[in-house]
Every structure is written in structure tokens, then in C-alpha cells.
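Numbering-wise (my numbering), the sequence shown opens with residue -5 and increments by one.
Quick reminder that beta carbons are idealized off the backbone N, C-alpha and C, glycines included.
Please read all numbers here as calculations on a predicted model, not as lab measurements.
Shown next, in C-alpha cells, is the structure this report addresses.
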Amino acid sequence: MIAESLSICSDVNCDHRGGDHVGIVPGNVYEGDCIPCLAGAEAGSVDLVFADPPFNIGYRYDVYNDKRGEKEYLDWSRHWMSGVWRVLKPNGAFWLAIGDEYAAELKVIAQRDVGFTCRSWVIWYYTFGVNCTRAFSRSHTHLLYFVKDPKKFTFNADNPAIRIPSARQLVYADGRANPKGRLPDNTWILRPQDIPDGFGSDHDTWYFPRVAGTFREREGFHGCQMPEQLLGRIIRCCSNPMEVVLDPFSGSGTTLAVAKKLGRQWIGFELSSEYVERIRARLRDAKVGGPLDGAADPLASAPATFRQRRTLTNTAENGERPAMRVRAQRRESGLSGDRFDKAIIEAYAESHAGFSLDHVLADPDLNATFLDACARKSLSGESAQWNRALLRIRKAGRLPRLNRRVRTFTFEDMDPYSFASEIALQQLSIDFDTTLDDILCDPALAGRFDSIAAGFAPGYTPFEYRWAALAIRKRAKHAKQLAKDHFEEWNGVKLPRSRPVAQSDWSKFSCPGVYLIISQNHLQLYVGETLNLQRRIEPIRELQSWKKLAPGFVKLLPTGEPCGLQSFLIHRVNPVLNSRLLVPDLRTVA
């Protein structure tokens, strides 16, 4: 069975204990004390560490004593934080979640004794506080953000999934506001449920619900579980797709699950054998590109105390992830109207040169001509809004039909670079919580898409990369149906043995086929189809974008008709670089 021959060892091969580690590799949860585990990891191999250690307040854990003496606790903290420093890359980041009792002390130790620089001191304020009988209820946790190098570190400020609307947008609906929103800043807030028309809460006080016992995302076995949306913000901000995220106190496995969903590699350490088994089960269920549990907007978790309850416009509908789309709708609300739409249609008529709307969006030159026409009409808003308005008008059936010029690309034409477009689409989709339409509408996102694609298949034009992505979306339905139709046949096919990527001679594979690329750590990277396996595999050894992923092995399946088999194998092995557009729903035939 394909499932047997392609078992994902990154989910199950984790039987490492205590200090007996012969190399710590991504895709594993290691049972044992984090201090020897960190000592067993390669120095400078991790991009982001998120640590939620015991607060030393007497909480009852499975195997850990949470009531140490003060000196013992601080010495222990200094020891494991020194291990974090050692495993982080020079541009790496370290986030520490800690309670009131030792927040100041651990910040001083991290800076003075270990060498970190503190970039931010964030307050996570949660809805359901922990009740205290002889003190005010505990309703917040400190999140300390450190970097190794204060001049060189990863901070993805332009990621729309972590940006928030400005006060000018929220309160005044002012079209002059930056449509990309802004980063959280240093601002005090009040309880959002008591000021339903007030400011958003995304400042240095972050408002996310604590994962209470009644919440769906509650795993049920760990009393101090972090919400996925909070971890999502941190991981998106301080790491990039396929980089390594480490959690030395894995607990319920939230950091690892979110890292996997967001296309990162992950490493976990956990002292409790029971927790380790539960974490593994959670990770088996987590899928790359899957939605994060919990409300994307922290305010959604805070019911208003007024009779007139707010309608939370950014609740997901029809299973879609809404972050960018809703913000775009908010921005466009002040631009709607027949006069605005008429001006958009006129600008399109002046600039399309006989090509379709898709072509105008995908071709940087044609799109620039359209945007210039919009600017000449003194339309409010900016480029992405005008492009989205054009899509909205087409969807409403109000875009005039044209005598179109057709520019045809065949599958053979796109074969050398189509896979690169798919990888770029997947990375942006999961990291920016966005769609192909969003990417094509936003010139900055489209430029980032082009750059990623060019890293895997250099030498082609931005239009070719973007058009290939549109072609993937168009043929996805057919490929998924073929995967369903041939399920019984393909499910019984055992894939051939793995071949090392370093193999020097691929000449006998100058034929069409399907291939699976596997990392040196046995992470399933990508399933592709091509008209020439040799031409596809040979560049993997040379291109830096591939080298960063440490490809170690390939499985090759020569076939005369690869369409559909790629989709089937994506369903089976859940590779990290394939677009979710190609994932078939085979539950009804399995």
C-alpha cells in the first residue's frame, strides 16, 4: 500500500529519551529534560524558539515539580535559556511566556547573563481569567520577545496576517488610511467587550482567549494550553516557511501543531511520556495549510455586555480563512457605488489590450497600465483595492464582454516552471493566510510570489509564473476527480525505493512521471508531475532554494499519464510544499 511505503516518520519516530540523543532533527518530539535535549541539538540550527516554562507557582503537572526554591528556579532558567541561545541561528528569535512572579527576573537573566536583546514586552490578556481566592484574578501572561542580534533578525512586518486595521480605518473609515493596516504598537486598552465600538486590541497588550475547558481547541490533558491564534502570530512574524521552530516545553503541542500548519519544520521536547504520546496524536491530525483553531479576531471571543451585540464581520464563512478578505471588504466599503464601479470598468476598457481580466491581473505590464488608468481618474484607495474591485465587478456579471486576444500556454510550455508556481502559491497561502486572487491583486504580494517561484525555477517571466498558478487552479478540479476515480487502482501501487538526490546519472529517467522529494530528515517535501523526470530532478542539487530544504531522496514513478496521480499522492503523504488546491477529498472512497 502507498500509505505503508510512504509512512511519515516525522510524526512517529520519536523514541528519544533523556540525554541519549544522537542528533536532534526536525519533525520529532523528544521525551526528556529540555536541558540535555538542547545540548544534543546542533548549534545554530533553529530559527525560532517559543518557550512556555513552568511558572514556579505550585501548579500540579504530570511529572514536574513546579515549586522550586527561588535560587534553584532562576539557576535552572539560566541553564535552559543558555541552551536556547546555543541552538538559535545568529538571526534567530526567542519568545518566553511567563507569569508575574518571575517575568522581571527572567528578562534580566536573558539579557545580562545569556546575551539576548529584548525587542518587546507583550501582555497577553485573556478572556477567562484564573480565579484567585485572596488576590485579583490572574488574567494575563507576559510574552517577552528576544533576539540574538539586535541588528539582524527575522521580523515579517509586511505579512498581512499579522497586521491590523489602524484607528483611522476602524473608527473613521477614512479612505486615506494605509490599506495594509499597521503593526501592533505600545498602547493601553480597555476590555473590548465593554467598548464594542472602540479600538482593536492588537497593541503590546494582546487580547486572545485563554483556552478554557469548554473551547473546541482544548486538548483536554494540559492545564496551561496556549491558543493557536496567538502562536500563529508569533510564528508568522518571526520565522519563514520551512524554517525550524523549537518548543522546549511542548506541553499540549500547540506550538508544534501551529508550526506544522504554517509550513514550518518543528522540534519538541517534553518531560512527560503521556504528554508526548498525546502530542504525537495531535500532530498526526494537523495538516500543512490547515486553519488555526480559535477566533482569528481576538474580539470574537469576548461577548458584548450590551444588549445590542456586535456582528463580528471576520468570522469565517463557508470554511474560508477570512483575514485579508475581510479587511479588503472593510476598506472597499467606503469606495462602493455606481460611479466608482463605472470608473473601474472604464479604466479596464482603456488598458486591457484585448486580453482577459485574468491576463490583466497576471501580466505586470498590463496591470500597471490598468492601475495608471485608475490613478488618472483620481479614484480613492490603492492598487490592490482597484484590482479586487475589478474581480468583484466580473463576479457580478457587470464586466463588458470583449473580443479577446488569446495567448495560449500548453502544459508542455509550463512544465519547466509550473511546480515552482505551486510552491510559491503554497508558501504565501499558508504564511499570509491568502488566496491566489489576493496575491494577483496586490502588486507587493505578487512580486514576492515571483521571487519565490524564481528561486525554484529561475529564468522565466513574472507573467509565466503567475499564469501557471492560474492554470493549476483551473485544472485542480479535474486532477482531484481523477484521483477519486482511480483510488482503488493507485492505492494498491507501491512506490519504488528512494534514490539519493546526489545520484549523478538520471539519464534513464528522461520520461514523463510523478516524483516525491523527501528531505534528509525524511520530511515529505513535494509531490510533482513532469514531462521529463531527469530535467526536473537534476537542478535540485544546485539551486539554493532547494538546498535550504536539505533534499535527500526522491521516489520516481515513470508514467505516461501523470495527471491525477500527483493529487492522489498529495492526499496520501501530505507534503509541505504542495498547494491545498490539489488535495482531493477521498474520505468517501477510502
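Query	Result
Between glycine 21 and chain B, is there a C-beta pair that is closer than 9 Å?	Among the protein chains of the structure shown there is no chain B, as only one such chain exists.
Just verifying my parser: in three-state terms, what is the DSSP assignment at threonine 363?	helix
Hey, is the segment 513 to 524 in contact with the segment 20 to 33, meaning 3+ C-beta pairs nearer than 8 Å?	yes
For alanine 367, count the other beta carbons within 10 Å of its own beta carbon; 16 or more makes it buried, fewer makes it exposed. Which is it?	buried
Can you give me the start and stop residues for the beta strand (DSSP E) that asparagine 85 sits inside?	82 to 92
Just verifying my parser: in three-state terms, what is the DSSP assignment at aspartate 407?	helix
Any idea which residues DSSP pairs asparagine 568 with across the strands?	Paired residue(s): none; asparagine 568 is not in a bridge.
Counting C-beta neighbours from all protein chains within 10 Å, is the total for glycine 245 16 or more, i.e. buried, or is it exposed?	buried
Determine the DSSP secondary structure at serine 513, reduced to helix, strand or coil.	strand
Taking 7 Å as the limit between beta carbons, can you name the residues of its chain near glutamine 528, skipping five residues before and five after?	Trp500, Ser501, Phe503, Ser504
Would the segment 548 to 560 count as touching the segment 466 to 484 if we require 3 or more Cβ pairs under 8 Å?	yes
My assumption, with CB atoms under 8 Å, is that alanine 347 sits in contact with leucine 360. Please give the rounded CB distance.	6 Å
Go ahead and label histidine 472 buried or exposed: buried means 16 or more other beta carbons lie within 10 angstroms of its beta carbon, across all protein chains shown.	exposed
Exposed or buried, what is lysine 542 when buried is set at 16 or more other beta-carbons lying within 10 Å of its beta-carbon?	exposed
Using 9 Å as the threshold, is the C-beta distance between alanine 341 and phenylalanine 364 below it?	yes
Have a look at the DSSP bridge pairing and note the partners of aspartate 425.	Paired residue(s): none; aspartate 425 is not in a bridge.
Return the first residue and the last residue of the beta strand (DSSP E) that aspartate 41 is part of.	40 to 45
For the segment 441 to 454 against the segment 400 to 414, do three or more pairs of beta-carbon atoms, one drawn from each stretch, fall closer than 8 Å, so that the two count as touching?	yes
If you check the beta carbons only, do methionine 419 and leucine 575 fall under 9 Å apart?	The displayed chain sequence assigns leucine, not methionine, to residue 419. In this structure, leucine 575 lies closer than 9 Å to leucine 419 by Cβ.
Short check: CB of proline 552 to CB of valine 495, under 9 Å?	no
Check whether the Cβ atoms of glutamate 25 and leucine 265 lie closer than 9 Å to each other.	yes
Are the segment 251 to 259 and the segment 277 to 289 in contact at 8 Å, needing three or more beta carbon pairs?	yes
Figure out for me which residue from Trp260, Lys488, Val116 has the closest Cα to the Cα of lysine 549.	Lys488
Select from Glu344, Tyr67, Met75 the residue whose C-alpha is nearest the C-alpha of isoleucine 29.	Met75
So, tyrosine 46 versus phenylalanine 243, is the Cβ gap smaller than 9 Å?	Note on residue identity: the sequence assigns aspartate, not tyrosine, to residue 46. Closer than 9 Å, so yes.
Going by beta-carbon coordinates alone, are isoleucine 534 and isoleucine 511 separated by less than 9 Å?	yes
For asparagine 85 versus aspartate 143, is the C-beta distance shorter than 9 Å?	yes
For aspartate 335, which option in Leu580, Val78, Lys371 has the closest C-alpha, if you only look at C-alpha atoms?	Lys371
Given arginine 392, which residues of its chain have a CB within under 8 Å of its CB, disregarding the five upstream and five downstream residues?	Asp335, Ile339
How about leucine 571 and phenylalanine 405: do their beta carbons lie closer than 9 Å?	no
Going by beta-carbon coordinates alone, are serine 114 and lysine 83 separated by less than 9 Å?	no
Grouping DSSP H, G and I as helix and E and B as strand, with all else coil, what is glutamate 523?	strand
Suppose you measure from the CA of arginine 467 to the CA of aspartate 241; what does that come to, to the nearest Å?	36 Å
As an exercise, report each continuous alpha helix (DSSP H) stretch of at least 4 residues that is fully enclosed by the segment 415 to 497, in chain order.	430 to 435, 437 to 450, 456 to 479, 481 to 485
Measuring straight from C-alpha to C-alpha, what distance separates cysteine 435 and arginine 469?	21 Å
Note down the Cα distance separating tyrosine 652 from alanine 462, rounded to an integer number of angstroms.	The structure shown does not extend to residue 652, since the chain is modelled only from -5 through 584, so no value can be given for it.
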